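S.K.: My questions will all concern the structure given below.
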Amino acid sequence: MTSPERLATLPPPARGTDPVERNRPVRRGSVAGVLLTYVVLIAGFLITIGPFVLSVMTALKTPRQFASRSALAPPDPVTLENFTALFSADYSFIAPIAVTAQVVVLVLVGQLVFSVLAAYAFARVEFPFRDALFWVYLATLMIPQVVTVIPLYTLFSQIGLRNTFWALVLPFLFGSPYAIFLLREYFRSIPQDILDAARLDGAGTGRILVSIVVPLSRGILATLAIITVVAHWNNFLWPLIITTGPTWQTLTVATSNLQTQYNGNWTLVMAATTIALAPLLILYAIFQRHIISSIAITGFR
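Residue numbering for the sequence shown follows our numbering, starting at 11 and increasing by one per position.
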């Protein structure tokens with residue numbers, strides 16, 4: 011007979027080998043919950059991917075196909091004439107793409123550089139009224155962007171920068187409260203002992219920032235870079251207001267103008283929309299892990 015001490019030391023049976031557990035009936039409620047979860051997820055996927063698939067299908071049709079068939083009907087035959095037309099002399103979509111890319115690159119570099127400097131100062135540099143200044147600056151997040159459009163437009167008009175390239179860049183170049191807040195909180199989580207050890211080795215503030223703080227913050231910097239690229243690639247309101255001609259039109263403004271300037275040619279508009287979305291899809295495919303982490307960290311969509 012097996013002693014109680016030996017029974018106490020025996021390992022528990024493997025999952026699924028216990029006769030009682032194996033013969034236990036599966037509750038219908040749990041199965042229904044799993045099925046409902048899958049139904050909701052599939053429905054959400056279709057709702058999310060549906061507009062993009064529809065825009066691509068429309069872009070691959072001729073105007074005659076779009077007018078004579080259902081919008082849900084696949085293109086037959088598939089044509090690329092809408093995409094080639096956008097890069098012809100009649101539409102010249104190359105310039106808006108180039109302007110948008112330049113704006114995004116400059117804003118991205120400026121946002122990261124100035125946000126890192128400001129966040130490190132608020133997190134690790136002691137100066138009078140540091141915390142008060144930070145919270146006053148952070149409070150500007152509560153001001154809607156629309157409220158600042160008219161003052162910014164008036165300012166750029168008076169200094170002669172309206173309808174120029176720098177009018178698209180300067181309002182967003184020197185960091186943002188949102189980015190500085192995220193970086194400040196992350197910099198404060200870096201152990202002070204690491205920074206003190208670097209100072210004992212003779213490193214100054216700049217060396218500590220470049221060699222220690224920034225490498226440790228690659229994850230949050232990648233998150234901010236993705237957020238900045240997506241936000242300014244899709245920026246529409248400010249470029250629409252501050253530019254008055256085709257010279258400095260961004261991609262979003264040029265796409266919007268197609269709806270009114272060319273008699274509502276929706277196949278052409280959908281081709282332009284597909285071109286505008288393509289870089290973001292490539293960005294998502296390359297940095298999928300960082301985008302998912304940005305959703306978890308910031309709740310950004």
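Just so it is clear, CB atoms sit at the ideal spot from N, CA and C, and this is done for glycine as well.
Note that the structure is predicted; figures quoted are calculated from it, not measured.
For the pair the segment 122-140 and the segment 288-297, tell me if three or more CB-CB distances fall below 8 Å.
M.R.: Verdict: no, contact absent.
S.K.: May I ask you to report which of helix, strand or coil DSSP gives Leu210?
M.R.: Residue 210 sits at position 200 when you count from the first residue of the sequence shown. Of the three classes helix, strand and coil, the one that applies to Leu210 here is helix, per DSSP.
S.K.: Report yes or no: do three or more beta-carbon pairs, one from the segment 65-80 and one from the segment 263-282, lie closer than 8 Å?
M.R.: Touching, yes.
S.K.: Does DSSP put Ile153 in a helix, in a strand, or in coil?
M.R.: Within the sequence shown, residue 153 is the residue found at index 143, counting from 1. Here Ile153 sits in coil by DSSP.
S.K.: Between Gln75, Pro181, Ser80 and Thr94, which has its C-alpha nearest Pro87's C-alpha?
M.R.: Within the sequence shown, numbered from 1, the residue matching residue 87 stands at position 77. If we check each option's Cα against that of Pro87, Gln75 comes out closest.
S.K.: Could you tell me how far apart the beta carbons of Ile200 and Leu226 are, in whole angstroms, since I believe they sit closer than 8 Å?
M.R.: For the purposes of this step, residue 200 is taken as residue 190 along the sequence shown, with counting starting at 1. For the purposes of this step, residue 226 is taken as residue 216 along the sequence shown, with counting starting at 1. Contact flag correct, Cβ pair sits at about 6 Å.
S.K.: Report yes or no: do the segment 154-174 and the segment 227-241 share at least 3 C-beta pairs separated by less than 8 Å?
M.R.: They do not touch, by the three-pair rule.
S.K.: Tell me which residues share the same chain as Phe97 and place their Cβ nearer than 8 Å to its Cβ, disregarding the 5 neighbours each side in the sequence.
M.R.: Counted from its first residue, the sequence shown places residue 97 at position 87. The residues are Phe103 and Ile104.
S.K.: Less than 8 Å between C-beta atoms, sequence neighbours within five positions excluded: which residues of the same chain meet that for Gln259?
M.R.: Counting from one through the sequence shown, the residue named residue 259 turns up at place 249. Closer than 8 Å at Cβ, skipping near neighbours: Ala105, Pro106, Val109, Pro249, Thr253 and Asn267.
S.K.: Buried or exposed: Pro14, going by 16 or more other Cβ atoms within 10 Å of its Cβ?
M.R.: To locate residue 14, count along the sequence shown from 1; it is residue 4. The pLDDT assigned to Pro14 is 49, lower than 50, so where the model puts this residue is not dependable; a value taken from the coordinates is nonetheless given after this. Burial call: exposed.
S.K.: From what residue to what residue does the alpha helix (DSSP H) around Val239 run?
M.R.: Position 229 of the sequence shown, counted from the first residue, corresponds to residue 239. It spans Arg228 to Trp243 - the alpha helix (DSSP H) in which Val239 sits, taken as one unbroken run.
S.K.: What are the start and end residues of the alpha helix (DSSP H) that includes Leu127?
M.R.: Locating residue 127 in the sequence shown gives position 117, where the first residue counts as 1. Its alpha helix (DSSP H) spans residues Ile104 to Arg134.
S.K.: If you draw a straight line from the alpha carbon of Ser167 to that of Val224, how long is it in whole angstroms?
M.R.: Counting from 1 along the sequence shown, the entry for residue 167 is found at position 157. Counting from 1 along the sequence shown, the entry for residue 224 is found at position 214. When rounded, the distance between both Cα atoms is 38 Å.
S.K.: Going by Cα to Cα distance, which pick from Gln298, Ile302 and Ile285 is closest to Phe93?
M.R.: Translated into positions along the sequence shown, residue 93 becomes position 83. Comparing Cα positions, the closest option is Ile285.
S.K.: Considering Arg79, what are the terminal residues of the alpha helix (DSSP H) in which it resides?
M.R.: Within the sequence shown, numbered from 1, the residue matching residue 79 stands at position 69. Careful: Arg79 lies outside any alpha helix (DSSP H) and carries neither H nor E.
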